[in-house]
Amino acid sequence: MLTFDVARDWVDRWDRQQEGYLPEREERFTALIDAVEAGTGRPDPLVVDLGCGPGSLAARLLDRLPQATVVAVDTDPVLLSLGRARYGGRDGLRFVDLDLRVPGWTAGLGLDRPTPP
């Protein structure tokens with residue numbers, strides 16, 4: 803079984819590796835979360851993170867918006883395992899294994915949150 807400590811180390815390595823491909827990655831995360839916060843206008847937005855990898859963006863969203871609900875979607879079993887082991891205990895975060903190429907994939911999101919008045 804993948805432990806929290808091992809997953810944390812691998813996710814940290816993943817984040818460092820991704821910085822090489824996406825310069826200023828943290829600034830991009832910040833800008834994206836700013837847009838979510840401004841665009842929803844509520845402290846508890848529902849966010850679907852498509853292609854979530856090990857949950858790097860999802861974790862940052864919850865750090866900034868702790869009342870949010872994040873559905874983190876990917877199809878890579880290794881990245882999903884890392885994300886679940888590293889962040890799976892966080893309130894408001896759910897990892898889902900879905901292939902976006904399959905018609906009807908949205909049914910697997912389990913989005914049943916009521917719309918506020």
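Be aware that the sequence shown starts at 803, since it is given in my numbering, and climbs by one per residue.
For each residue, glycine too, the CB sits at the ideal point set by N, CA and C.
- The straight-line gap separating the alpha-carbon atoms of R886 and A840 is approximately 28 angstroms.
- G853 is a Cβ neighbour of D876, given a cutoff of 8 angstroms.
- If you ignore the 5 residues before and after A861, its C-beta comes within less than 6 angstroms of the C-beta of Y889, all in its own chain and listed in chain order.
- Non-local C-beta neighbours of P847 in its own chain, meaning closer than 7 angstroms and more than five positions away in sequence, comprise V838, L867, A870, ordered along the chain.
- Here F897 is buried, its C-beta having at least 16 other C-beta atoms within 10 Å.
- A874 carries a strand assignment under DSSP once its states are collapsed to helix, strand and coil.
- Residue environment analysis places L913 among the exposed positions, since fewer than 16 neighbouring C-beta atoms fall within 10 angstroms of its C-beta.
- L864: member of the alpha helix (DSSP H) spanning 858–866, first to last residue.
- In this structure, L902 keeps its C-beta atom at 8 angstroms or more from the C-beta atom of G910.
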